[in-house]
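A.B. asks:
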Amino acid sequence: MTKTMKNTLVSVLVMAIISVVAVGCLAVANAFFPEYEARLDKKTAALINQICPTGVSDAAAFSDGYYEMATVDKAQLKSLNESLGADKNNKVLAIYDVKKGDFTGYRVVESQAQGYGSNPVIITLTSFDKDNKIGKVIVKQQKENPTGSKNIFTGEYFDKFLEYVAGQKNVSVGDVTATTGATNASSIKGLVNAVNIAASVVDELFGATDPTPQPVTKTKLLNALKKVSSSTSFMSYPIPTDKKKDIFGIYKGDAGDVLVAGRGNGYGGTMGLLVKIDADGKIEQIVIAEHGESIADVPGAGNAFASDFTDEFLTARFAGKTLTDIQAMDNVLNGTTGATLQGTAPAIKQCLVNALGYYPLAQQYVDGIDAVTGGEDA
174 MTKTMKNTLV SVLVMAIISV VAVGCLAVAN AFFPEYEARL DKKTAALINQ
224 ICPTGVSDAA AFSDGYYEMA TVDKAQLKSL NESLGADKNN KVLAIYDVKK
274 GDFTGYRVVE SQAQGYGSNP VIITLTSFDK DNKIGKVIVK QQKENPTGSK
324 NIFTGEYFDK FLEYVAGQKN VSVGDVTATT GATNASSIKG LVNAVNIAAS
374 VVDELFGATD PTPQPVTKTK LLNALKKVSS STSFMSYPIP TDKKKDIFGI
424 YKGDAGDVLV AGRGNGYGGT MGLLVKIDAD GKIEQIVIAE HGESIADVPG
474 AGNAFASDFT DEFLTARFAG KTLTDIQAMD NVLNGTTGAT LQGTAPAIKQ
524 CLVNALGYYP LAQQYVDGID AVTGGEDA
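First residue of the sequence shown: 174, per the numbering used here; consecutive thereafter.
Below, the structure is given as structure tokens:
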């Protein structure tokens, strides 16, 4: 037997041993640390009793049927989690129905999302009223480290968070940061993602099927739209279910122009970029509609880029490029490193590809919705 053959056999044997050990370790880990499974136990009932109070003790609320775990098709829930979640750790775990008391008819959703780094996921319980609007949020698990001095999970900051989310259909990292003054960006991202996927799943499962476009009223989004359009008011169109992971928004201005914002999942969570194109399908202008990037504080993040993450920078960088051009770019932000390269840059590319890819369908989709709902162009 040659020396080369011996070395090859040794290598194969070593790899086989490693594989056996790895499988054994995984089996042991699964046995001692099984995957978390949501259930309506005393702890969960007590937490729900704080956000949907029954007026009775936690023990009575648990034992006397004030709450029930809703029966949801597991395959359907898995599919919704995959289509609506920003990443694999963002998902709905369970839905509970309030059956008695002043909050009868409310739903409480248990969901999870990834916060800082490789810390355990953040788990929340979010209540929804009969119109599927957010009521209150309570944290069931968070083991964030580090959190910083202005921690979103501490008293005054979480109180401001609760004030902001009440009555909303979805929330954004940027708005939560601005409203609360909290600075632990990764934790804010995880908290927002957990609440948003809960809201999205509730809307998909229990929301009324109403395709009617809604006026854009949020100041931040309205200002972003005005940057790329001569219109002064805009209608937001419901995003098709199969496009919710790709499209941040579909809009029509009062001047008749249709605009698309692509969706991506960046270092700071959901990113939405409004893209304006010319008659040849080339990018004319880009405006940031939403982002949670905090790359200036990340070691190795290419900090010089942080100050350049602006509408002007993105427009100058990508103006004149087509969908094919963007798809061919390996790294849309040359010279960046760390989190910027691994998270922000791919998210920007994702947003642009998704927006440009949907544009050929957008006008037809908007016209179809207008025809059904009696819009101005019907």
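For every residue, glycine included, the Cβ atom is placed at its ideal position computed from N, Cα and C.
Bridge partners for residue 283 per DSSP, in chain order?
C.D. replies: Here residue 283 is taken as the residue at index 110 of the sequence shown, counted from 1. Residue 283 is bridged to 267, 298.
A.B. asks: For residue 324, which residues in the same chain have their Cβ closer than 6 angstroms to its Cβ, ignoring the five residues on either side in sequence?
C.D. replies: Locating residue 324 in the sequence shown gives position 151, where the first residue counts as 1. Only 357 meet the Cβ criterion.
A.B. asks: Are there three or more Cβ pairs, one per stretch, closer than 8 angstroms when the segment 515-532 is compared with the segment 431-442?
C.D. replies: The segment 515-532 is in contact with the segment 431-442.
A.B. asks: So, for residue 530: in the same chain, excluding its five sequence neighbours on each side, which residues have a beta-carbon less than 7 angstroms away from its beta-carbon?
C.D. replies: Residue mapping note: residue 530 aligns to position 357 of the sequence shown, counting from 1. These residues qualify, in order along the chain: 496.
A.B. asks: Apart from the five residues just before and just after residue 258, which ones in its own chain have a Cβ nearer than 6 angstroms to its Cβ?
C.D. replies: Working through the sequence shown from its first residue, we reach residue 258 at position 85. Excluding sequence neighbours, residue 258 sits near 264, 370.
A.B. asks: Out of curiosity, what's the CA-to-CA distance linking residue 342 and residue 372?
C.D. replies: In the sequence shown, counting from the first residue as 1, residue 342 sits at position 169. In the sequence shown, counting from the first residue as 1, residue 372 sits at position 199. About 6 angstroms.
A.B. asks: Where DSSP assigns a beta bridge to residue 436, which residues make up the other side?
C.D. replies: One-based indexing of the sequence shown puts residue 436 at position 263. Bridge partners of residue 436: 445.
A.B. asks: Quick check on DSSP: helix, strand or coil for residue 171?
C.D. replies: With the chain running from 174 to 551 in the structure shown, residue 171 is simply not present.
A.B. asks: How many whole angstroms separate the CB atoms of residue 288 and residue 360, which I take to be in contact at a CB cut-off of 8 angstroms?
C.D. replies: The count along the sequence shown starts at 1 and reaches residue 288 at position 115. The count along the sequence shown starts at 1 and reaches residue 360 at position 187. About 5 angstroms; that satisfies the 8 angstroms criterion.
A.B. asks: Where residue 355 and residue 541 are concerned, what is the direct C-alpha to C-alpha distance, given to the nearest angstrom?
C.D. replies: Here residue 355 refers to the residue found at position 182 when the sequence shown is read from its first residue. Here residue 541 refers to the residue found at position 368 when the sequence shown is read from its first residue. Roughly 43 angstroms between the two C-alpha positions.
A.B. asks: Considering only C-alpha positions, which residue in the set 393, 543, 378 is nearest to residue 462?
C.D. replies: Reading the sequence shown from its first residue, position 289 is the one you call residue 462. Taking only the C-alpha atoms, the option nearest residue 462 is 393.
A.B. asks: Considering only C-alpha positions, which residue in the set 328, 293, 250, 308 is nearest to residue 319?
C.D. replies: Taking the first residue of the sequence shown as position 1, residue 319 is located at position 146. It is 293.
A.B. asks: Flag this pair as touching only if the segment 269-276 and the segment 229-244 have three or more C-beta atom pairs under 8 angstroms; answer yes or no.
C.D. replies: Taking 8 angstroms as the limit for Cβ pairs, the verdict is that the segment 229-244 does touch the segment 269-276.
A.B. asks: Rounded to a whole number of angstroms, what is the C-alpha to C-alpha distance between residue 567 and residue 384?
C.D. replies: For residue 567 there is no data in the structure shown, the boundaries of the chain being 174 and 551.
A.B. asks: Tell me the DSSP secondary structure of residue 330 in three-state form.
C.D. replies: Looking up residue 330 in the sequence shown gives position 157. Here residue 330 sits in helix by DSSP.
A.B. asks: Among residues of its own chain, excluding the 5 on either side of residue 502, which ones have a beta-carbon nearer than 8 angstroms to its beta-carbon?
C.D. replies: Position 329 of the sequence shown, counting from 1, holds the residue named residue 502. Within the same chain, residue 502 has close Cβ partners 522.
A.B. asks: Opposite residue 241 in the DSSP bridges: which residues?
C.D. replies: Counting from one through the sequence shown, the residue named residue 241 turns up at place 68. Bridge partners of residue 241: 270.
A.B. asks: Go through the segment 352-414 residue by residue and report every complete run of the alpha helix (DSSP H) that reaches 4 residues or more, in order.
C.D. replies: Entirely contained in the segment 352-414, the alpha helix (DSSP H) runs reaching 4 residues are, in chain order, 358-379, 392-400.
A.B. asks: If you follow the beta strand (DSSP E) that residue 422 is part of, which residue opens it and which one closes it?
C.D. replies: Looking up residue 422 in the sequence shown gives position 249. Note, residue 422: beta strand (DSSP E), 420-426.
A.B. asks: Between residue 500 and residue 447, what straight-line distance do the alpha-carbon atoms span, to the nearest angstrom?
C.D. replies: Locating residue 500 in the sequence shown gives position 327, counting from the first residue. Locating residue 447 in the sequence shown gives position 274, counting from the first residue. Residue 500 and residue 447: Cα-Cα distance of roughly 18 angstroms.
A.B. asks: By the three-class DSSP mapping on this structure, what secondary structure does residue 542 have?
C.D. replies: Counting from 1 along the sequence shown, the entry for residue 542 is found at position 369. Helix.
A.B. asks: Could you give the residue range of the beta strand (DSSP E) that holds residue 311?
C.D. replies: Residue numbering aside, residue 311 sits at position 138 when the sequence shown is read from its first letter. Where residue 311 is concerned, the enclosing beta strand (DSSP E) stretches over 307-314.
A.B. asks: State the beta-bridge partners of residue 450 as determined by DSSP.
C.D. replies: As a first step, residue 450 is located in the sequence shown; it is residue number 277 there, counting from the start. Answer is 456, bridged to residue 450.
A.B. asks: Pull up the distance between the alpha-carbon of residue 255 and that of residue 419, whole angstroms please.
C.D. replies: Working through the sequence shown from its first residue, we reach residue 255 at position 82. Working through the sequence shown from its first residue, we reach residue 419 at position 246. Residue 255 and residue 419: Cα-Cα distance of roughly 12 angstroms.
A.B. asks: Can you name the residues that DSSP bridges to residue 431?
C.D. replies: Numbered from its first residue, the sequence shown carries residue 431 at position 258. 425, per the DSSP bridge assignment.
A.B. asks: Under a three-way DSSP split, which group does residue 533 fall into?
C.D. replies: As a working note, residue 533 is residue 360 in the sequence shown. Of the three classes helix, strand and coil, the one that applies to residue 533 here is helix, per DSSP.
A.B. asks: Helix or strand or just coil, what does DSSP make of residue 318?
C.D. replies: In the sequence shown, counting from the first residue as 1, residue 318 sits at position 145. DSSP places residue 318 in coil when its eight states are reduced to three.
A.B. asks: For residue 528, I'd like the list of residues in its chain whose CB is within less than 6 angstroms of its CB, leaving aside the five on either flank, ordered along the chain.
C.D. replies: For this step, residue 528 is matched to residue 355 along the sequence shown. Correct list, in chain order: 433, 435, 448.
A.B. asks: Below 8 angstroms, can you find three or more Cβ-Cβ pairs linking the segment 308-315 to the segment 205-225?
C.D. replies: Short answer: they touch.
A.B. asks: Near residue 525, what residues of its chain come up, given a Cβ to Cβ distance below 7 angstroms and the 5 sequence neighbours on each side ignored?
C.D. replies: Counting from 1 along the sequence shown, the entry for residue 525 is found at position 352. So the list reads 435, 446, 448, 491, 499, once near-sequence residues are dropped.
A.B. asks: Strictly under 8 angstroms for the Cβ-Cβ distance: is residue 516 near chain B by that measure?
C.D. replies: No chain B is present in this structure, which holds just one protein chain.
A.B. asks: So the candidates are 466, 545, 367; which of them puts its Cα closest to the Cα of residue 410?
C.D. replies: Within the sequence shown, the letter at position 237 stands for residue 410. Considering only alpha carbons, the answer is 545.
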